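Reviewing the structure listed below.
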Amino acid sequence: MIPIAKPMIGEEEKSAVIRVLDSGMLAQGSEVKRFEEQFAEYIGTKFAVATSSGTTALHLALLACGVEKGDEVITTPFTFISTVNSILFCSAKPVFIDIEHDTFNINPEKIEDGVTERTKAILPVHLYGQPAKMDLILEIAERHNLKVIEDAAQAHGAELEGRKVGTFGDVACFSFYPTKNITTGEGGIVTTNNEEIAERVRLLRNHGQKSRYEYAMIGYNFRMTDVAAVMGIEQLKKLESFVNRRIENARFLSENLNGVSIPYVMPDVRHAFHQYTVMHDRRDELRERLIKEGIGCAIYYPKCAHQHNHLKKYRNSELRIAEGIAKKVLSIPVHPGLSREDLEKIVESVNKHCKEL
Ligand SMILES: *Cc1c(COP(=O)(O)O)cnc(C)c1O
Numbered sequence: 318m319i320p321i322a323k324p325m326i327g328e329e330e331k332s333a334v335i336r337v338l339d340s341g342m343l344a345q346g347s348e349v350k351r352f353e354e355q356f357a358e359y360i361g362t363k364f365a366v367a368t369s370s371g372t373t374a375l376h377l378a379l380l381a382c383g384v385e386k387g388d389e390v391i392t393t394p395f396t397f398i399s400t401v402n403s404i405l406f407c408s409a410k411p412v413f414i415d416i417e418h419d420t421f422n423i424n425p426e427k428i429e430d431g432v433t434e435r436t437k438a439i440l441p442v443h444l445y446g447q448p449a450k451m452d453l454i455l456e457i458a459e460r461h462n463l464k465v466i467e468d469a470a471q472a473h474g475a476e477l478e479g480r481k482v483g484t485f486g487d488v489a490c491f492s493f494y495p496t497k498n499i500t501t502g503e504g505g506i507v508t509t510n511n512e513e514i515a516e517r518v519r520l521l522r523n524h525g526q527k528s529r530y531e532y533a534m535i536g537y538n539f540r541m542t543d544v545a546a547v548m549g550i551e552q553l554k555k556l557e558s559f560v561n562r563r564i565e566n567a568r569f570l571s572e573n574l575n576g577v578s579i580p581y582v583m584p585d586v587r588h589a590f591h592q593y594t595v596m597h598d599r600r601d602e603l604r605e606r607l608i609k610e611g612i613g614c615a616i617y618y619p620k621c622a623h624q625h626n627h628l629k630k631y632r633n634s635e636l637r638i639a640e641g642i643a644k645k646v647l648s649i650p651v652h653p654g655l656s657r658e659d660l661e662k663i664v665e666s667v668n669k670h671c672k673e674l
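So for the sequence shown, this note's numbering puts the first residue at 318; every next one is plus one.
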């Protein structure tokens, strides 16, 4: 089976982890701090604050932006569920705006339809590694005095006009789950140029503790461990080569696939290709056939957020593009662990089955 995702763990990660285990200092400490400094430098922000997951990074980023009960946060319905959960954790209300059919990201032209006097923030997602249209989103945010939180969980290394995602909003969040572009097992990080936001995230992730047993606010235990952080440090060194491999693999697929609609890449963008996602009208049949041939493919995501029963009450506008696309998307392997033979096998199988379907 060619897997849909494969964490790329080498000797460097293994020996770094053993070094931390031998040190006896396992929880958040100097390695987390080192990882934060290096990640901030890579992304190009003043601050980075590591957390226990991408989900907890989002939760704390929203809290640090002052999102609270009764507030509304504008986001996309076509995303991983934790984007939406992070809004609900703050007792705020998600306001879903339909996506663009080509980029799969939130449609900036429709965002203002969702703005009310309760709107606090816009939460765009760089889905599959393609940057959302941040210039337009930031313009709208400025006009209405809204915070912008980037969900960059799938977009480590992606760029828009030569600038890395994670630097555009007031704050941004990344995930280091094993399927993501780099991993720490579980983990996440918040990036920002705003010192106040960084400080609030630091407090919130550690019980609200300002100094030893002095608490400034209610907080959580959302810390990253030093064991995870050293993995992150080693992975970060490899991130550029991983992303370049993803881009090369995507290029090979796009040049050779027939019968499916291939991913659109915006001009002036470095698509990080967390996923390589095609569309086909008979997606479910195509998926079954590919799985049978040993090609691990997957549907991200079979349902939009507002199509889950407990979230149906938040469907307050037309979301037809997102609903239609959820029926057609199929992600096929693009990760850096693929060999040339793997790529050729994927192309051959997809093309053969598309001809038959
Ligand atoms: C993976 C992911 C998250 C959550 O990250 P975890 O580390 O799994 O908590 C959030 N948003 C998106 C778009 C993701 O893909």
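Cβ coordinates follow ideal geometry from the N, Cα and C atoms, glycine included. Source: prediction; values computed, not measured.
Less than 6 Å between the CB of residue i and some heavy atom of ligand 1, yes or no?
i, result
"Asp-468", "yes"
"Tyr-494", "yes"
"Gln-471", "yes"
"Phe-485", "no"
"Thr-396", "yes"
"Ser-399", "yes"
"Val-544", "no"
"Thr-392", "no"
"Ser-648", "no"
"Val-442", "yes"
"Ser-369", "no"
"Gly-505", "yes"
"Thr-436", "no"
"Thr-372", "yes"
Give the range of the alpha helix (DSSP H) segment to which residue i is assigned.
i, result
"Asp-339", "328-340"
"Ala-643", "637-643"
"Glu-503", "Glu-503 -> no alpha helix (DSSP H), and no H or E assigned at all."
"Ile-360", "347-360"
"Glu-605", "600-609"
Specify, as a first and last residue, the run of the beta strand (DSSP E) that residue i falls within.
i, result
"Asp-659", "Premise fails: Asp-659 lies in the alpha helix (DSSP H), 657-673, not in any beta strand (DSSP E)."
"Gln-526", "526-528"
"His-593", "Note on residue identity: the sequence assigns Tyr, not His, to residue 593. Tyr-593 -> beta strand (DSSP E) spans 593-596."
"Lys-464", "464-468"
"Ala-489", "488-492"
"Phe-649", "Sequence inspection shows Ile at residue 649; the Phe mentioned does not correspond to that position. That run of the beta strand (DSSP E) goes 646-649."
Could you give the C-beta distance for residue i and residue j, rounded to a whole number, given that I count them as a contact under 8 Å?
i, j, result
"Lys-276", "Val-390", "A query on residue 276 cannot be resolved here, the shown segment of the chain reaching from 318 to 674 and no further."
"Pro-584", "Tyr-593", "That belief does not hold up - the Cβ atoms of Pro-584 and Tyr-593 are roughly 19 Å apart, past 8 Å."
"Ile-564", "Phe-590", "6 Å"
"Ile-416", "Ile-642", "7 Å"
"Cys-614", "Arg-604", "6 Å"
"Val-482", "Ala-378", "Actually they do not touch by this definition, with Cβ atoms about 14 Å apart."
Candidates the options: which alpha carbon is nearest residue i's?
i, options, result
"Asn-538", "Pro-448, Ala-367 and Lys-629", "Ala-367"
"Asn-561", "Gln-526, Ala-615 and Ile-499", "Ile-499"
"His-376", "Glu-354, Val-482, Ile-514 and Met-325", "Ile-514"
"Ile-535", "Leu-520, Met-548 and Thr-373", "Leu-520"
"Pro-411", "Asp-419, Glu-417, Ile-439 and Thr-420", "Ile-439"
"Lys-464", "Thr-420, Gly-479, Val-384 and Ala-622", "Val-384"
"Thr-484", "His-473, Phe-569 and Thr-509", "Thr-509"
"Cys-490", "Leu-343, Ala-546, Lys-645 and Val-442", "Val-442"
"Leu-338", "Val-547, Lys-630 and Glu-512", "Val-547"
"Lys-669", "Glu-610, Glu-635 and Ser-656", "Glu-610"
"Gly-505", "Arg-522, Asn-511, Lys-555 and Arg-517", "Arg-522"
"Leu-607", "Leu-636, Ser-558 and Ser-666", "Ser-666"
"Leu-405", "Thr-420, Gly-387 and Asp-415", "Gly-387"
"Glu-572", "Asn-424, Ile-616 and Glu-661", "Glu-661"
"Glu-328", "Gln-552, Leu-647, Ser-369 and Leu-628", "Gln-552"
"Phe-352", "Ala-545, Ser-648 and Cys-614", "Ala-545"
"Ala-322", "Arg-540, Glu-531, Gln-471 and Tyr-631", "Gln-471"
"Phe-413", "Ala-622, Glu-503, Asp-543 and Pro-653", "Ala-622"
Would you say residue i touches ligand 2, meaning its beta carbon is less than 6 Å from a heavy atom?
i, result
"Val-334", "Absence of ligand 2 is noted for the structure shown, with ligand 1 being the only ligands found."
Residue ranges of each beta strand (DSSP E) within the region 369-455, 3 or longer: The region 369-455 contains these whole beta strand (DSSP E) runs: 389-392, 410-413 and 436-440.
Segments of 3+ residues assigned as beta strand (DSSP E) that fall wholly inside the region 513-563: Fully enclosed beta strand (DSSP E) runs of 3 or longer: 526-528.
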